[in-house]
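Let me begin by presenting the structure, written as structure tokens, before commenting on it.
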Amino acid sequence: MDTVKNYLSVAFFAFWGGLARYGLTEALSFYGTVIANLLGCFLLAFLTYFFLRTSNSRAWLTTGLGTGFVGAFTTFSSFKMDAFKLLLGGQNFGALLYFTGTIAAGFLFAWAGKQAANFAAGKLLERG
Amino acid sequence: MIFAVGFGASLGSVVRYALTSYGKKHWMQGTACPRPTLFINLTGAFFLGLAFALRLPAIVYAFLGTGVLGGYTTFSTLNMEMVSLAENGQKHVFKRYLLASYLGGAILLTCGYYLGSLL
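Just so you know, the protein sequences line up as chains A and B, in that order. Under my numbering, the first residue of the first sequence carries the number 613, and numbering increases by one thereafter. Under my numbering, the first residue of the second sequence carries the number 11, and numbering increases by one thereafter.
Listed below in structure tokens is the structure:
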């Protein structure tokens, strides 16, 4: 039963995560993918570590938000595709910058999300 | 168009969730390397390269490319796993995972693209 709940939750939240990314890329083209990916790294790390610390009992909600919404919001394949499109367009330097920049920034944003979660959870637990 | 992307993303994410749950149990014996995510991202990159080269109608590409494959692959999980590998001092696995994902993904997407161009 819990498994079914998790799957439904993932499907429901992924719908909105995918749409949010689509909206961003329609408005800002490949900058939209950058924003979605970096914001998503921060959000997923924050959600995961925050709920880990505060021992949330609603697993379906954290799975839906993390795996569903943020998982669909971020994308590995479009990131690769955008770098490839820059290469096809002859922008070799741009492609290299985009490629290495996103890799480094993604790691930093995920790390920052974890630190923020630990800080926020610490504050919350302090207050009781 | 909006529904094509949304439902595609739901479908892709459910497949990712199923594969990750399964893979965590069966593909990770004796390794810290997050093989399920690696498999998902590499196959997703290949198929997106293929879909792009096939010049599909806009609505089909929105469903398959932006929706299904965008929802199937994930950038956030990859980076969270890297943070956790780095903090656990798994330097060797970290380097291999980084290279396999980013370099492997680029190679597979290129393969998919040229395969699609031939079809």
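Just so it is clear, CB atoms sit at the ideal spot from N, CA and C, and this is done for glycine as well. Only a predicted model underlies this, so the values are computations on that prediction, with no experimental measurement involved.
Between the alpha carbons of residue i and residue j, how many angstroms are there, rounded?
i: Ala-53 (chain B); j: Ala-671 (chain A); result: First, the amino acid is wrong: residue 53 (chain B) is Thr here, not Ala. Their Cα atoms are separated by approximately 28 Å.
i: Ser-127 (chain B); j: Ala-729 (chain A); result: 45 Å
i: Phe-85 (chain B); j: Val-616 (chain A); result: 25 Å
i: Gln-727 (chain A); j: Ile-715 (chain A); result: 19 Å
i: Phe-663 (chain A); j: Met-90 (chain B); result: 15 Å
i: Tyr-71 (chain B); j: Ala-61 (chain B); result: 7 Å
i: Gly-576 (chain A); j: Ile-50 (chain B); result: Residue 576 (chain A) cannot be examined here, being either before or after the span of chain A that is shown, 613 to 740.
i: Leu-66 (chain B); j: Leu-125 (chain B); result: 15 Å
i: Tyr-27 (chain B); j: Gln-703 (chain A); result: 36 Å
i: Lys-35 (chain B); j: Gly-718 (chain A); result: 27 Å
i: Thr-687 (chain A); j: Ala-623 (chain A); result: 16 Å
i: Tyr-107 (chain B); j: Ser-31 (chain B); result: 19 Å
i: Gly-734 (chain A); j: Lys-101 (chain B); result: 28 Å
i: Glu-97 (chain B); j: Tyr-634 (chain A); result: 33 Å
i: Ser-690 (chain A); j: Trp-723 (chain A); result: 22 Å
i: Tyr-619 (chain A); j: Leu-650 (chain A); result: 25 Å
Check the Cβ-Cβ distances between residue i and every residue of chain A, and say whether any is below 8 Å.
i: Gly-77 (chain B); result: yes
i: Ala-68 (chain B); result: no
i: Val-24 (chain B); result: yes
i: Phe-49 (chain B); result: no
i: Gly-80 (chain B); result: yes
i: Val-112 (chain B); result: Per the sequence shown, the amino acid found at residue 112 (chain B) is Tyr instead of Val. With 8 Å as the cut-off, Tyr-112 (chain B) counts as an interface residue toward chain A.
i: Ser-20 (chain B); result: yes
i: Gly-33 (chain B); result: no
i: Ala-42 (chain B); result: no
i: Leu-125 (chain B); result: no
i: Ala-63 (chain B); result: no
i: Gly-99 (chain B); result: no
Return the chain-ordered list of same chain residues with a C-beta closer than 7 Å to the C-beta of residue i, the five sequence neighbours on each side being excluded.
i: Gly-678 (chain A); result: Leu-656, Leu-659, Thr-660
i: Arg-739 (chain A); result: none
i: Arg-45 (chain B); result: Gly-33, Trp-37, Met-38
i: Leu-88 (chain B); result: Thr-47, Asn-51, Ser-111
Just to confirm my understanding: we take residue i, look at its own chain, exclude 5 residues before and 5 after, and list those with CB closer than 6 Å. What are they?
i: Gly-81 (chain B); result: Ala-19, Gly-22, Ser-23
i: Gly-644 (chain A); result: Leu-636, Thr-637
i: Ala-55 (chain B); result: Gly-115, Leu-118, Leu-119
Heavy atom of the ligand FAD less than 7 Å from the Cβ of residue i, yes or no?
i: Met-92 (chain B); result: As presented, the structure is devoid of all ligands, the ligand FAD included, so that no description of it is given.
Which residues in the same chain as residue i place their Cβ atom closer than 8 Å to its Cβ, once the five residues preceding and following it in sequence are excluded?
i: Val-103 (chain B); result: Thr-41, Ala-42, Cys-43, Leu-95
i: Phe-607 (chain A); result: Residue 607 (chain A) lies beyond the stretch modelled for chain A, which goes from 613 to 740, so this question has no answer here.
i: Thr-666 (chain A); result: Ala-733, Leu-736, Leu-737
i: Leu-29 (chain B); result: Pro-46, Phe-49, Ile-50
Between residue i and chain B, is there a C-beta pair that is closer than 8 Å?
i: Thr-679 (chain A); result: yes
i: Lys-692 (chain A); result: yes
i: Asn-649 (chain A); result: yes
i: Val-646 (chain A); result: no
i: Ala-626 (chain A); result: yes
i: Lys-617 (chain A); result: no
i: Gly-718 (chain A); result: yes
i: Lys-726 (chain A); result: yes
i: Gly-652 (chain A); result: yes
i: Thr-666 (chain A); result: no
i: Arg-633 (chain A); result: yes
i: Gly-706 (chain A); result: no
i: Ala-733 (chain A); result: no
| task | Check whether the region 682 to 694 of chain A touches the region 16 to 24 of chain B, taking contact to mean three or more Cβ pairs, one atom from each stretch, closer than 8 Å. | result | yes
| task | Taking 8 Å as the threshold, find out whether the region 691 to 701 of chain A comes into contact with the region 110 to 122 of chain B through three or more Cβ pairs. | result | With the cut-off at 8 Å, the region 691 to 701 of chain A and the region 110 to 122 of chain B touch.
| task | Tell me, please, whether the region 630 to 639 of chain A touches the region 77 to 86 of chain B by the rule of three or more beta-carbon pairs shorter than 8 Å. | result | Between the region 630 to 639 of chain A and the region 77 to 86 of chain B there are three or more C-beta pairs closer than 8 Å, enough to call the two in contact.
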